[in-house]
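Here's the structure we're looking at; comments come further down.
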Amino acid sequence: SQTIHQWPATLVQPVGSPLSLECTVEGTSNPNLYWYRQAAGRGLQLLFYSVGIGQISSEVPQNLSASRPQDRQFILSSKKLLLSDSGFYLCAWVLSGTQYFGPGTRLTVL
Amino acid sequence: GIQVEQSPPDLILQEGANSTLRCNFSDSVNNLQWFHQNPWGQLINLFYIPSGTKQNGRLSATTVATERYSLLYISSSQTTDSGVYFCAVHSGGSNYKLTFGKGTLLTVNP
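Chains as they are written, first to last, in my numbering: chain W, 1 to 110; chain E, 111 to 220.
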């Protein structure tokens, strides 16, 4: 069966520090992968998506970047975190047109 | 881009009550999904329902694509039903990008 993992589960980082969040998928090949952010409040904002290795589409100009070094690995990064980068980061993938979400990483920037 | 509106934004129920959540969208869609976000942040798939009616236990959903709305019914609500309910739509393309509504925060009191 297919599963999606994210780590770390929680992270507290100082302003100006770098960031690397990882998402991996098991049990499938060449999935579409997505990074979403949920800020305080309820809305989910699509940040990046990828349809294959090395293929990244950015939805919103921001302080973040994404990479897909392997078929089932999707990484969200920042060189210097801002306070506004705090939030809940969710990775997702698609199976038969349906999106499934990972457990998320809760990031607090102080 | 496509707009997704959910109503009501907040709903408080007594255990055992029934409820209806609504999702309106501004354009034709290829896919519509309902999610439940539990208090720990996990987004759980409830329904993939671009049209028609589906039922899963106490939950059911109906999408009337021609009129651009979907309804989620919760019967005999339980405290574990509390959380935020999201509607999300995909309007086309192989990227399967979802646009989310702002959600309905449901609180079920014992």
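Here a beta-carbon is modelled for each residue, glycine too, at the ideal position from N, C-alpha and C.
Item: Bridge-paired residues (DSSP) for Gly89 of chain W; Value: Residue 89 of chain W is actually Tyr in this sequence, not Gly. Answer by DSSP bridge pairing, in chain order: W:Arg37 and W:Thr105.
Item: Length of the line joining the Cα atoms of Gly211 of chain E and Gly162 of chain E; Value: 20 Å
Item: Three-state secondary structure (DSSP) of Gly81 of chain W; Value: Gly is not the amino acid found at residue 81 of chain W; the sequence shown has Leu there. Correct three-state label for Leu81 of chain W: coil.
Item: Interface partners of Thr3 of chain W on chain E, CB under 8 Å; Value: Ordered by position in chain E, no residue passes the 8 Å Cβ test against Thr3 of chain W, which lies about 13 Å from the chain.
Item: Where Leu153 of chain E meets chain B, residues with beta-carbon distance less than 7 Å; Value: Included in the structure are the protein chains W and E, with no chain B among them.
Item: Exposure label - Gln70 of chain W; buried when at least 16 CB within 10 Å; Value: exposed
Item: Short Cβ contact (9 Å threshold) for Ser110 of chain E with Leu216 of chain E; Value: As displayed, chain E neither begins before 111 nor continues past 220, which places residue 110 of chain E out of reach and without an answer.
Item: Beta-carbon proximity list for Pro118 of chain E, same chain, < 7 Å, skipping 5 on both sides; Value: Thr214
Item: Extent of the continuous beta strand (DSSP E) run through Gln2 of chain W; Value: From DSSP, Gln2 of chain W is part of no beta strand (DSSP E); its letter is neither H nor E.
Item: Chain-ordered residues of the segment 37-59 of chain W with a beta carbon less than 9 Å from chain E; Value: Gln38, Gly41, Arg42, Gly43, Leu44, Gln45, Leu46, Tyr49, Val51, Ser57 and Glu59
Item: Span of the beta strand (DSSP E) around Val51 of chain W; Value: Leu44 to Gly52
Item: Any chain W beta carbon closer than 9 Å to Gln104 of chain E; Value: Here chain E comprises residues numbered 111 to 220, so residue 104 of chain E is not present and cannot be evaluated.
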